[in-house]
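J.: The structure's right below; bear with me while I get my questions together.
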Amino acid sequence: MQKIMVCVKRVIDYNVRVRVKPDGSGVVTEGVKMSINPFDEIALEEALRLREQGAATEVIAISLGPDDTQQQLRTALAMGADRAILVRHDAQADPATAAAAFMALVSKEGAELVLLGKQAIDDDACQTGQRLAALWDRPQASAASKIEVVGQSLRVTREVDAGLEVNEIDLPGVVTVDLRLNEPRYVKLPDIMKAKKKPLEVTDLAALGVEMDEPVTVLKWEPPPQRTKGIMVKDAAELVSALKQKGLV
Amino acid sequence: MSRILVIAEHAAGKLNPSTAKVVACARAIGGEVEVAVLAADGAAVAAQCATLEGVSRVLQVDHPANEHPLAAVLAPQVAALAAGAGHVLGPSTTFGRDLMPRVAALVKAPQLSEVMAVESPRRFRRPVYAGNAVVTVEVAEGRQVVCTVRTASFEAVGSAAASAPVDQRSVEFSPPAHTRFVSVSAAASDRPDLQTAARVVSGGRALGSAEKFQLIYSLADKLGAAVGASRAAVDAGYAPNELQVGQTGKIISPTLYVAVGISGAIQHVTGMKDSGVIVAINKDAEAPIFEIADYGLVGDLFALLPEIETLLAS
Ligand SMILES: Cc1cc2nc3c(=O)[nH]c(=O)nc-3n(C[C@H](O)[C@H](O)[C@H](O)COP(=O)(O)OP(=O)(O)OC[C@H]3O[C@@H](n4cnc5c(N)ncnc54)[C@H](O)[C@@H]3O)c2cc1C
């Protein structure tokens, strides 16, 4: 493989307790820590390992997002990506737009493998990878927990409801990754310094010739329905008798 | 009346229970509900779909390439069947999550993922941020809508008095050779299925080892319950991945959910907070799981579980 592209999304850090704004216009983002979507970080780690094993020569981190996404791309460069491309887009993008933007970059750069998270922890849409594979008319393997290179193909173990499914896909192709694929490396200070010198190109949808088609409007944001706190029982006997009384056991 | 196309999920000649829930969502949208069965030989599954309440017609598409549910193979066929349909629906299981976005891209439609409520044929509600927020979304008039349906939010439809007709369809397509099925680990188990069980007992990191995780199986067997696990328990190898409950695992709504040695992280809670009654057992009285539990019991699980089993037997 020559090039692996890794899609990296800027999202609210997974440790932040996300809150809906009182006026229902979105979630609170002011002063909130932003990070690389954890699934994408795993995708990037896998790409770096493939390069380190000699299975690929270049890892390119790509993203669609606002200008501030350069921070996450710098982190990706510090982790070890060779270069980065930001498709600048200020609004929250629909997965269809993201897939179209990445398709344009794949065509331009000629990548042989695109790795990305199986979902982003903000919109939880689980769409971008599969959409990209369809636009590209190439194979997809979603929710990967193991990836092996076999010649010009990949043997991918996927986490599915039944357990583990193994598929073989010919390259080029798209693999979306699950959490158990690997544990991403920590970024060291010298790597952050080195990352500052790596190329980070900024482009936009118009320059890539991508037309937006976003027929979905968000009308309202609400906090989820809350469960009310129940009762604390003092011992096992009280628990079992309460459950028996309710006919639950 | 507009057509709603539901994609059936099935394995080994058996319809997955998620399909009856997707049909419930289709009925809430309102329209003529067609269920598509793509299989190598779909006769048995098609017959099961035909008895679901509210189904107008079953489309049976037999093709040797449909032996295993590969998205790259199925999506072009679904896209062909979807011509003229107002909505195309699949379950938000790993099958639907894999397939439906590929279909959406082929038919150039938006997809709404994890639909939890239907407000109108154009307006839906879905969770985002691991369930920390719920958005109401609207799709522009005249656009086809692809959805994955959050099965935990819909009651399965019952069976119909009379079976719907089954049409054999053939779809022009050349199956791509670039994607090949190799194997699936069929975890053969005679325990209830996690996604449909009325009762679930889940264990967390606190169990400490695969051997000690057997305590969870033992209590589950006493209750006729399915077994679940937190991500921490799966990552540590105490339980297999298909038992994970949560944002990245299964999203379930049993009548009774018992969380043992699970702290209650948002990513776990999003997978089980629609359960009827939640029981939490944890040695830390401050554990967030107690905030959502109907019955909370503070104590050491290793002492409490054997005691509970004895009490259940008496
Ligand atoms: C992107 C992302 C996705 C995720 N998806 C999921 C998901 O789908 N599902 C999921 O579960 N998690 C998920 N997680 C992980 C989640 O954040 C938590 O780390 C995980 O749920 C913790 O599992 P746990 O409760 O078993 O472990 P811990 O948080 O370590 O809790 C263990 C609990 O056991 C209690 N305990 C310890 N010993 C005993 C004892 N002897 N008796 C009684 N109680 C005891 C402790 O008090 C503690 O509350 C995800 C995380 C990320 C970042």
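Protein sequences appear in the order of chains L and A. Using our numbering, the letters of the first sequence correspond one by one to residues 1 to 249. Using our numbering, the letters of the second sequence correspond one by one to residues 1001 to 1314. Backbone N, C-alpha and C define an ideal beta-carbon position, used for all residues, glycine too. As the structure is a computational prediction, the values presented were derived from the model and not from experiment.
Taking DSSP as the reference, what is the three-state secondary structure of Lys108/L?
T.: Of the three classes helix, strand and coil, the one that applies to Lys108/L here is helix, per DSSP.
J.: With hydrogens ignored, establish whether the beta-carbon of Gln1267/A is closer than 7 angstroms to any heavy atom of ligand 1.
T.: Flag set: Cβ of Gln1267/A near ligand 1.
J.: Counting only beta-carbon atoms, is Ser1113/A nearer than 8 angstroms to chain L?
T.: Chain L contact via Cβ: present.
J.: Using beta carbons (cut-off 8 angstroms, strictly below), is Gln72/L in contact with chain A?
T.: No, because no Cβ of chain A sits closer than 8 angstroms to the Cβ of Gln72/L.
J.: Report yes if the C-beta of Asp1315/A is less than 7 angstroms from at least one heavy atom of ligand 1; otherwise report no.
T.: Beyond the ends of chain A as shown, which are 1001 and 1314, falls residue 1315/A; an answer cannot be given.
J.: Just to confirm, does Val1324/A get its C-beta within under 7 angstroms of one of the non-hydrogen atoms of ligand 1?
T.: With chain A covering only 1001 through 1314, there is no way to say anything about residue 1324/A.
J.: Could you check which residue in Ser1174/A, Leu1081/A, Asp1274/A and Ala1239/A has the C-alpha nearest to that of Leu1256/A?
T.: Nearest of Ser1174/A, Leu1081/A, Asp1274/A and Ala1239/A to Leu1256/A, Cα basis: Asp1274/A.
J.: Starting from the beta carbon of Ser1185/A, find every residue of chain L whose beta carbon is closer than 8 angstroms, and list them in chain order.
T.: The answer, in chain order, is Ala162, Gly163, Leu164 and Glu165.
J.: Quick one: is Ala91/L buried, meaning 16 or more other Cβ sit within 10 Å of its Cβ, or exposed?
T.: With fewer than 16 Cβ atoms within 10 Å of its Cβ, Ala91/L is classed as exposed.
J.: Please list, in chain order, the chain A residues whose beta carbon lies closer than 8 angstroms to that of Cys126/L.
T.: Simply Arg1097, Pro1101, Ser1113 and Thr1148.
J.: When you compare the CB of Ile1289/A with every CB in chain L, is at least one pair closer than 8 angstroms?
T.: No, because no Cβ of chain L sits closer than 8 angstroms to the Cβ of Ile1289/A.
J.: List the endpoints of the continuous beta strand (DSSP E) containing Gln119/L.
T.: Where Gln119/L is concerned, there is no enclosing beta strand (DSSP E), given that its DSSP letter is neither H nor E.
J.: Ligand 1 heavy atoms versus the CB of Gln1195/A: any closer than 7 angstroms?
T.: The answer is no for Gln1195/A.
J.: Considering just the uninterrupted stretch of the beta strand (DSSP E) at Tyr1217/A, what are its terminal residues?
T.: Here Tyr1217/A belongs to no beta strand (DSSP E); instead the alpha helix (DSSP H) covers Ala1210 to Leu1223.
J.: Taking the continuous alpha helix (DSSP H) assigned at Ile1266/A, which residues delimit it?
T.: Start and end: Ile1266 to Val1269.
J.: Runs of 3 residues minimum, wholly inside the region 1023 to 1057 of chain A: which ones carry the beta strand (DSSP E) assignment?
T.: Fully enclosed beta strand (DSSP E) runs of 3 or longer: 1032 to 1039.
J.: Val250/L versus chain A: which residues are under 9 angstroms apart at the beta carbon?
T.: Chain L is shown from 1 up to 249; residue 250/L falls before or after that span and cannot be answered.
J.: Closest Cβ-Cβ distance between Gln1195/A and chain L: below 8 angstroms?
T.: Chain L, which has a Cβ nearer than 8 angstroms to the Cβ of Gln1195/A, makes this yes.
J.: Kindly confirm or deny that the region 1086 to 1104 of chain A and the region 1140 to 1154 of chain A touch, where touching means at least three C-beta pairs closer than 8 angstroms.
T.: Enough Cβ pairs lie closer than 8 angstroms, so yes.
J.: What residues are listed by DSSP as bridge partners for Trp221/L?
T.: Beta-bridge pairing links Trp221/L to Val1135/A.
J.: Could you have a look at Val32/L and say whether DSSP puts it in helix, strand or coil?
T.: Val32/L falls in the coil class under three-state DSSP.
J.: Go ahead and label Val1182/A buried or exposed: buried means 16 or more other beta carbons lie within 10 angstroms of its beta carbon, across all protein chains shown.
T.: Per the 10 Å Cβ criterion, exposed.
J.: Near Ala1130/A, what residues of its chain come up, given a Cβ to Cβ distance below 6 angstroms and the 5 sequence neighbours on each side ignored?
T.: Correct list, in chain order: Gln1247, Ile1266, Gln1267 and Thr1270.
J.: Quick one: list the residues of chain L neighbouring His1087/A, beta-carbon separation under 7 angstroms, in chain order.
T.: Those within 7 angstroms of His1087/A in chain L number zero; the least Cβ separation is about 14 angstroms.
J.: Going by beta-carbon coordinates alone, are Val240/L and Leu1312/A separated by less than 8 angstroms?
T.: Against a cut-off of 8 angstroms, the Cβ pair of Leu1312/A and Val240/L comes out as a contact.
J.: In the DSSP assignment, find the unbroken alpha helix (DSSP H) run with Ile1308/A in it and report its ends.
T.: Segment Leu1301 to Ala1313, the alpha helix (DSSP H) holding Ile1308/A.
J.: Going by Cα to Cα distance, which pick from Pro1069/A, Arg1143/A and Ser1263/A is closest to Ile1289/A?
T.: Comparing Cα positions, the closest option is Ser1263/A.
J.: Less than 8 angstroms between the CB atoms is what I'm expecting for Val1184/A and Ala162/L, so what's the real figure, rounded?
T.: Confirmed, about 6 angstroms.
J.: In the DSSP assignment, the beta strand (DSSP E) including Gln1168/A goes from what residue to what residue?
T.: From DSSP, the beta strand (DSSP E) with Gln1168/A extends over Val1166 to Arg1169.
J.: So what does DSSP say about Pro172/L, is it helix, strand or coil?
T.: Reduced to three states, the DSSP call for Pro172/L is coil.
J.: How is Met193/L classed by DSSP in three states: helix, strand or coil?
T.: Met193/L falls in the helix class under three-state DSSP.
J.: Between Ala1039/A and the rest of its own chain, which residues show a CB-CB distance below 7 angstroms, the 5 nearest in sequence each way excluded?
T.: Excluding sequence neighbours, Ala1039/A sits near His1010, Val1045, Asp1062 and Asn1066.
J.: How would you list, in chain order, the residues of chain L whose beta-carbon sits under 9 angstroms from the beta-carbon of Thr1136/A?
T.: Residues of chain L passing the Cβ test: Val218, Leu219, Lys220, Trp221 and Glu222.
J.: Quick one: which chain L residues come within Cβ less than 7 angstroms of Phe1181/A?
T.: In chain order: Asn167.
J.: Where does Ser1153/A fall in DSSP's three states?
T.: In the structure shown, Ser1153/A sits in a helix (DSSP, three-state: H, G or I).
J.: Are the Cβ atoms of Ser1230/A and Gly1204/A separated by less than 8 angstroms?
T.: Closer than 8 angstroms, so yes.
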